[in-house]
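Read through the structure below, which is laid out as structure tokens, and then see the notes.
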Amino acid sequence: MNCIHSLQSAFSWSGYLRRRLNARPEIRQQILADAAEPVTSARIMQWSQELAVSLGAPATQVWDIAQCRVILRKLRSRLFDTLVVRDTGGDATLEEVTHAISFLADFAVGQAYRSVMHDMVDVHGTPIDPATGKPMEMIILGMGKLGGYELNVSSDIDLIMLYPEEGETTGRRPLSHHEFYGRLTRRMMPILSDQDADGQVFRTDLRLRPDGDAGPLAWSLDALENYLIAQGREWERYAWLKARIIHVQALEGSAPAPYEQQLESLRLPFIYRKYFDFDTLASLRQLRERIRQDWQRRALAKNGVDTVHNIKLGEGGIREIEFVVQLSQLIKGGRLPTIQEQCLIKALHAEVNAGLISPETGNRLEEAYRFLRRVEHFLQYREDEQTHLLPNDPDRMAALATVLGFTAADFTARLTAHRQFVADTFRDAFRIAGLNDDQSNGQQPQACDTEHRDERNLEDIIKQQFADHDPDDVEHRLEALLNNSRIRGLSNSSRARLEKLLPAVIQAAARTPLPNTACARLFDLIETIAQRSAYIALLAEFPDTLARVARIMAASPWAASYLTANPILLDSLIEWNSLMEPVNIAMTAELLNKELDACVLHDGTPDVEQQMNVMRDVQKQVSFQLLAQDLEGVLTVEKLADQLSGLADALLQESLQRVWPLVRPKQIPADDALYHMPKFAVIAYGKLGGKELGYASDLDLVLLFDDPGDYALEVYAKLGRRLSTWLSSMTSSGRLYEIDLRLRPDGDAGLLAVSVDTFEKYQREHAWVWEHQALTRARFSAGDPEIGKTFERIRRDILLQQRDPDKLKQEVIEMRARIRAGHPNKTELFDVKHDHGGMVDIEFITQYCVLAHAHQHKQLLENLGNIALLNIAGAAGILNAEHAGKTADSYRILRRMQHAVRLKGDEKARIDPSLLTEERAAVCTLWEEVFGENA
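Take the sequence shown: its letters are residues 0 to 934, numbered as in numbering that gives the first Met the number 0.
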């Protein structure tokens, strides 16, 4: 838009600008020139230097306090004038406006700090870190919209002032650091906030510091840490979401980075909890209502305006959009680093990308936010005051609509539509954040039906609920639970909360098919989580979730143990519909990649510990989702194995990507596109190779590389060790996978990673037949796809070799005998895997067919699994087609039976032999046909 027309539009709307131009008509040309281009940080810096020179101050050096006051006020006026014109003319984006004001705030805080610091150092000496002997800077936190770099044009700024260590300054009039930084803070504030003939820069607010107005102006990091641990409240977590360090430096030789990193190590765990925190929810509900009610009381007392007119705090206003986004951050941010954003729009985008908010809802929230923020700015342009109130007067509302580019009717309609959507979304915020539908109408969580339990003691409830299921056993287990040292060590309030929950636990167990079993396992879970109040609150407040937990406990001992060992998974049960949705491994891998990219230390380097924990958490969450679907009968055994195998492939690929930069040799530049990933591949054998992975399966891997560099052998061996450590190390989130590398050439005596040439030579000249058997179900899993293609060529070449059938039979029979001898079964039960007629027999038949006949029937080369290969062999006439088909069906049944037994918690799948008579007979018949003897 033409700058003159923009100025006229701004002049017609902004009484502040009219008065400025009437008082100083000479600045008109400057405003027109400034408004011709977007406002950037570089332009603001240029303006500050021009102002400094015009006032006789140094352009880039430290200003004295008097100079600083004048320059910053004139700079703020120039920026405000420019933004009024550009924005009312439709030339400025929301980001241009908010970034410009936020940059000015950072700059102003930094300049005020430098001016006061230099003045105080002249009198009191330099504050020195007693540990390093270096000058010690202050750490200044921008909170609220300043922290998110999204200030409005007449905004206050919220600051928290910190210093690294206690000590004393070095001058002739020394002060303790506590007193020095307190005085520094007190002297900085007027530079920014005092009103004088040149106006003011920013109103400043320090009340978000620990203890608010009752606490010292500046806090040491040690004092802050003690406060956050001992006294930090839930609303402070909400406030600290946007906390951002404003980098300031006034002292030559200072090194603030380590202290800033120390602060981040305090800030992040305080805000983002790894575990689902239900105490937060109640506090946030109370905080939200308190803010709105407090504002409404003050507004009504002042001028009778209700919340409808307040586009920030009123219904459907900016604050409600912030609440929707920040609620998800507080609940899920501990496990999703990508949503740990201070800027609201960036956080909203991250939550949409993470699947926490639907794209449609995200887009509409962003549209509403941008619309309301622009209206907010125009309200503030009028008189340069911090207001969020729409005009009461219809003519004023019409003028507002016009300057925004709408008719009065269109503006009102759009405003109403946006606010209605925001209000509806806000009322649904708790469900959006992953809670159940009881929250969708803004209701409190359902409390368990225990309010009147004093009328009946726990023994009465047990006898009533377990009349047909040995109530004495439940009473005994309850007594043991309550006398457990963990329970007895609880505080009185925590124990009261637990005892209030127990009747609901007993009732939930009684509604399952195995009440006593479910009750016992629920008590084991409670013993584990008793000291984590958030989990007790979860079960107490969400009876549907408690019922689901009880069903899982009754359905499978293995599932019960898994959930008890990983209570972090409990919150998944709230999102039952999401839990039952098909797992998309590709999307999971994409989101995981983003989450791991977001795991960085303050200096920008990867936070390896956090990355390892995030991967373990994702593996457990996806596995638990599959487990829940498995128990509900949604998945076949084959589909489950495919999904678990796909997940392992994805985690191996991601692990390799994260480990490679840690071992990349110096000879390879970090920006070498050819070595973005190593010339290295992970080959899966065994269950992963055959895509038959179970919940707790080990990974049998062989590691190959194809790199001519003279560093290759050492580097890729190191990569293999690091990869193995990354996967199998026990962290606070557990272990990712147990790894077995013994199938590599020469086993434990061989190199950890071998070149493809060495692998091929070994397979051709030295490998045993059993190693070729293993090769039939080996496949490329992760790493360099070109090496994967080379491996597949080697695999096919080896399997295509023509072998003496009789000699091959004898070697397979001997290997089968050795395996059976290693798994003796002295019971009368049938071992589904290892006994004659079991799964290993079928696998050996299939492997023999591939090794003996692939040179004539190349369709056997594909790694399709035992069922498909048996049917192929039958169709090709290698095996009796009818017998091959029955054996293939038997294999499916045996796998299903093995899976069911494992879910019951049995280490070995041994069952009543009469249950599988036909299946065993089919396998034995085919074995005798192939090998000519009874195995």
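Virtual Cβ for every residue (Gly too), placed ideally from N, Cα, C.
Item to complete: Output the distance between the C-alpha atoms of residue 419 and residue 315, rounded to the nearest integer angstrom.
Response: The residue given as residue 419 occupies position 420 in the sequence shown. The residue given as residue 315 occupies position 316 in the sequence shown. Each residue's alpha carbon lies about 6 Å from the other.
Practice prompt. Between the Cα of residue 76 and those of 60, 93, 43 and 95, spot the shortest distance and give me the residue it belongs to.
Written response: Along the sequence shown, read from residue 1 onward, the residue named residue 76 stands at position 77. Nearest of 60, 93, 43 and 95 to residue 76, Cα basis: 43.
Practice prompt. Check whether the Cβ atoms of residue 248 and residue 164 sit closer than 7 Å, and answer yes or no.
Written response: Counted from its first residue, the sequence shown places residue 248 at position 249. Counted from its first residue, the sequence shown places residue 164 at position 165. No, these two residues do not count as a Cβ contact at 7 Å.
Discussion item. Bridge partners for residue 733 per DSSP, in chain order?
Written reply: For the purposes of this step, residue 733 is identified with residue 734 of the sequence shown, where counting begins at 1. BP columns for residue 733 point to 730.
Discussion item. Using only CA atoms, which one of 232, 377 and 457 lies nearest to residue 506?
Written reply: Your numbering for residue 506 matches position 507 in the sequence shown. For the residues 232, 377 and 457, the minimum Cα distance to residue 506 belongs to 457.
Fill in: Strand pairing of residue 830, partner residues [DSSP]
By 1-based counting over the sequence shown, the position of residue 830 is 831. Residue 830 pairs with 909.
Worksheet item: Nearest-angstrom Cα distance between residue 33 and residue 2?
Response: For this step, residue 33 is matched to residue 34 along the sequence shown. For this step, residue 2 is matched to residue 3 along the sequence shown. Going from the Cα of residue 33 to the Cα of residue 2 covers about 10 Å.
Worksheet item: Does the segment 58 to 74 come within contact of the segment 195 to 215, defined as at least 3 CB pairs closer than 8 Å?
Response: yes
Item to complete: Whole angstroms is fine: what's the gap from residue 553's alpha carbon to residue 902's?
Response: Locating residue 553 in the sequence shown gives position 554, counting from the first residue. Locating residue 902 in the sequence shown gives position 903, counting from the first residue. Between the alpha carbons of residue 553 and residue 902 lies a gap of roughly 11 Å.
Discussion item. Between 827, 846, 794 and 67, which has its C-alpha nearest residue 808's C-alpha?
Written reply: Working through the sequence shown from its first residue, we reach residue 808 at position 809. The closest CA to that of residue 808, considering only 827, 846, 794 and 67, is found on 846.
Item to complete: Identify whether residue 134 lies in helix, strand or coil by the three-state DSSP scheme.
Response: Numbered from its first residue, the sequence shown carries residue 134 at position 135. DSSP places residue 134 in strand when its eight states are reduced to three.
Discussion item. Taking only three categories from DSSP, how would you classify residue 889?
Written reply: Numbered from its first residue, the sequence shown carries residue 889 at position 890. It is helical.
Worksheet item: How is residue 560 classed by DSSP in three states: helix, strand or coil?
Response: Looking up residue 560 in the sequence shown gives position 561. Looking at residue 560 - three-state DSSP - the assignment turns out to be helix.
Worksheet entry | Proximity of residue 215 and residue 181 at Cβ, strictly below 7 Å | Mapped onto the sequence shown, residue 215 falls at position 216. Mapped onto the sequence shown, residue 181 falls at position 182. Yes, the pair counts as a contact, with Cβ atoms nearer than the cut-off.
Worksheet item: Roughly how many whole angstroms lie between the Cα atoms of residue 712 and residue 748?
Response: Within the sequence shown, the letter at position 713 stands for residue 712. Within the sequence shown, the letter at position 749 stands for residue 748. Cα to Cα, residue 712 sits roughly 16 Å from residue 748.
Fill in: Residue burial classification, residue 309 (beta-carbon count within 10 angstroms, cutoff 16)
The residue given as residue 309 occupies position 310 in the sequence shown. When all chains shown are included, residue 309 counts as buried.
Discussion item. I'd like the ranges of any beta strand (DSSP E) spanning at least 3 consecutive residues and lying wholly in the segment 231 to 264.
Written reply: 243 to 245
Worksheet entry | For residue 15 and residue 328, the rounded distance between their alpha carbons | Counted from its first residue, the sequence shown places residue 328 at position 329. Counted from its first residue, the sequence shown places residue 15 at position 16. Rounded to whole angstroms, residue 328 to residue 15 spans 39 Å at the Cα level.
Item to complete: Reducing DSSP to helix, strand and coil, say where residue 478 ends up.
Response: Locating residue 478 in the sequence shown gives position 479, where the first residue counts as 1. Three-state DSSP puts residue 478 in a helix.
Practice prompt. Just list the alpha helix (DSSP H) runs in the segment 491 to 576, keeping only unbroken ones of 4 residues or longer that don't cross its boundaries, in chain order.
Written response: 491 to 509, 514 to 528, 532 to 540, 542 to 554 and 556 to 564
Worksheet item: residue 39 by DSSP, collapsed to three states: which one?
Response: As a position in the sequence shown, residue 39 is number 40, starting the count at 1. Coil at residue 39, not helix or strand.
Worksheet item: residue 423 lies in the alpha helix (DSSP H); which residues open and close that run?
Response: For the purposes of this step, residue 423 is taken as the residue at position 424 of the sequence shown. Note, residue 423: alpha helix (DSSP H), 407 to 426.
Discussion item. By alpha-carbon positions, which one of 644, 664 and 231 ends up nearest to residue 685?
Written reply: Here the question's residue 685 lines up with position 686 in the sequence shown. Ranking the options by Cα distance to residue 685, first place goes to 644.
Worksheet item: Three or more beta-carbon pairs under 8 Å between the segment 636 to 643 and the segment 555 to 563, yes or no?
Response: no
Fill in: Option nearest residue 494 by Cα separation, candidates 520, 474, 514 and 529
Translated into positions along the sequence shown, residue 494 becomes position 495. Of 520, 474, 514 and 529, the residue nearest in Cα terms is 529.
Practice prompt. Identify which residue in 471, 600 and 206 has its Cα closest to the Cα of residue 519.
Written response: For the purposes of this step, residue 519 is taken as the residue at position 520 of the sequence shown. The candidate whose alpha carbon is nearest that of residue 519 is 471.
Worksheet item: If you run the structure through DSSP and keep just helix, strand and coil, what is residue 162?
Response: Sequence index remark: in the sequence shown, residue 162 carries index 163 (1-based). Looking at residue 162 - three-state DSSP - the assignment turns out to be strand.
Item to complete: Would you tell me roughly how many angstroms separate the C-alpha atoms of residue 534 and residue 228, rounded to the nearest one?
Response: Here the question's residue 534 lines up with position 535 in the sequence shown. Here the question's residue 228 lines up with position 229 in the sequence shown. For residue 534 and residue 228, the distance between alpha carbons rounds to 20 Å.
Discussion item. Quick check on DSSP: helix, strand or coil for residue 683?
Written reply: Taking the sequence shown and counting its residues from 1, the one referred to as residue 683 is at position 684. In this structure, residue 683 counts as strand in the three-state DSSP scheme.
Worksheet entry | the segment 104 to 116 in contact with the segment 131 to 148 per 3-pair CB rule at 8 Å | yes
Worksheet item: Are three or more beta carbon pairs between the segment 338 to 346 and the segment 53 to 65 nearer than 8 Å?
Response: no
Worksheet entry | Option in 184, 610 and 81 with minimal Cα separation from residue 115 | For the purposes of this step, residue 115 is identified with residue 116 of the sequence shown, where counting begins at 1. Per the Cα distances, 184.
Worksheet item: Cα separation between residue 891 and residue 862?
Response: Here the question's residue 891 lines up with position 892 in the sequence shown. Here the question's residue 862 lines up with position 863 in the sequence shown. Straight-line Cα distance between these residues: approximately 17 Å.
Fill in: residue 151 versus residue 262: straight-line alpha-carbon distance, rounded
Numbered from its first residue, the sequence shown carries residue 151 at position 152. Numbered from its first residue, the sequence shown carries residue 262 at position 263. For residue 151 and residue 262, the distance between alpha carbons rounds to 27 Å.
Item to complete: Below 8 Å on the Cβ atoms is my guess for residue 541 versus residue 573; work out the distance and round it to an integer in Å.
Response: Position 542 of the sequence shown holds residue 541. Position 574 of the sequence shown holds residue 573. Yes, they are in contact, since the Cβ atoms of residue 541 and residue 573 sit about 6 Å apart, within 8 Å.
Fill in: Residue nearest to residue 186 in terms of C-alpha spacing, selected from 138, 831, 694 and 68
Within the sequence shown, the letter at position 187 stands for residue 186. Measuring from the Cα of residue 186, the nearest candidate turns out to be 68.
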